[in-house]
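For the sequence shown, the numbering used here assigns the number 33 to the initial residue and increments by one for each residue that follows.
Ideal Cβ placement from N, Cα and C applies to all residues, glycine included.
The next block holds one structure in the form of structure tokens; read it before the comments.
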Amino acid sequence: MLHFYYFISRKSSLSKVAFHNYWKDTHGPIAKEIPQLQRYIQSHQIPDVGFECGFDGVAEGWVENFSSLEELRSSKAYLNDALTDERNFIDRRRTDWLVTRDRVILDGPNVQGQVKNITLLRRKNGMSVKEFREYWSEVHGPLACELPGIQRYVQSPTVDEAYTLGEPRWDGVAQWWTNDLQSLKSLRASKEFSVGAREDAEKFLETSMLLGFVANEIPILE
Numbered sequence: 033m034l035h036f037y038y039f040i041s042r043k044s045s046l047s048k049v050a051f052h053n054y055w056k057d058t059h060g061p062i063a064k065e066i067p068q069l070q071r072y073i074q075s076h077q078i079p080d081v082g083f084e085c086g087f088d089g090v091a092e093g094w095v096e097n098f099s100s101l102e103e104l105r106s107s108k109a110y111l112n113d114a115l116t117d118e119r120n121f122i123d124r125r126r127t128d129w130l131v132t133r134d135r136v137i138l139d140g141p142n143v144q145g146q147v148k149n150i151t152l153l154r155r156k157n158g159m160s161v162k163e164f165r166e167y168w169s170e171v172h173g174p175l176a177c178e179l180p181g182i183q184r185y186v187q188s189p190t191v192d193e194a195y196t197l198g199e200p201r202w203d204g205v206a207q208w209w210t211n212d213l214q215s216l217k218s219l220r221a222s223k224e225f226s227v228g229a230r231e232d233a234e235k236f237l238e239t240s241m242l243l244g245f246v247a248n249e250i251p252i253l254e
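Right, here's the structure in full:
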């Protein structure tokens with residue numbers, strides 16, 4: 033199963049409220065009709081919590097394989113409906129996307145009302161993709177699972193196929209969930225995060241390039 037991330041930003045003519053409402057209530061039902069989608073969720077940035085990166089959210093879709101992804105991109109439901117509708121609320125100049133495969137590191141609850149931290153990752157200069165993935169999974173993964181209040185943790189490495197076309201901008205996406213914003217703030221204030229996970233990130237990530245935000249998930253197609 034492939035998991036693609038489409039990071040999006042709102043048109044400057046739209047307020048944050050108008051953008052999020054349009055994306056959920058108007059665009060969501062349109063995108064839901066794309067037949068190749070196995071699952072589709074919208075991760076809406078929670079405003080004013082101190083984690084800003086220029087994106088207002090990320091559309092996350094799951095398809096069976098690359099053949100399904102190519103069929104999606106050429107389908108009428110995508111080209112004539114979903115892609116056309118994007119012009120109404122997305123600033124197409126400020127988007128980013130990548131295709132990944134998920135690794136569930138901590139298989140905890142994923143329920144309505146939780147918040148999640150989403151971070152785009154770039155491996156440290158000089159580190160191979162293999163070394164990056166192994167360190168992320170085998171060393172950093174267990175550290176992250178010990179963070180106080182963490183409920184679920186998923187690593188999404190960029191697919192191998194992307195590297196055959198050149199060097200991707202991003203090597204993967206990290207997502208972790210807490211029960212609420214207060215739990216997230218407590219986690220970030222903990223020694224396990226500031227001394228453990230954050231310092232460890234310096235060993236395998238270009239931390240100056242990290243981009244991320246905190247979001248609420250809205251399931252559109254489950």
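When ARG126, GLU238, SER100, ARG184 are compared, the shortest CA-CA separation from MET159 is found for GLU238. Around ASN248, the same chain offers HIS76, ILE78, VAL147 as residues with beta carbons nearer than 7 Å, after the five sequence neighbours per side are excluded. Across the structure, GLY140 and ARG184 are spaced so that their CA atoms are roughly 5 Å apart. Taking a contact as a CB-CB distance under 8 Å, the pair CYS177 and ILE137 counts as one, their CB atoms being some 6 Å apart.
Its Cα nearest to that of PHE87, the residue PHE51 stands out among ALA114, PHE51, GLU65.
Of all C-beta pairs linking the stretch 106-114 to the stretch 156-174, fewer than three are shorter than 8 Å, placing the two stretches out of contact. VAL131 places its beta carbon 7 Å or farther from that of VAL246.
Pairing ILE252 with ALA91, the inter-Cα distance amounts to about 10 Å. Under DSSP, ASN248 forms a beta bridge with HIS76.
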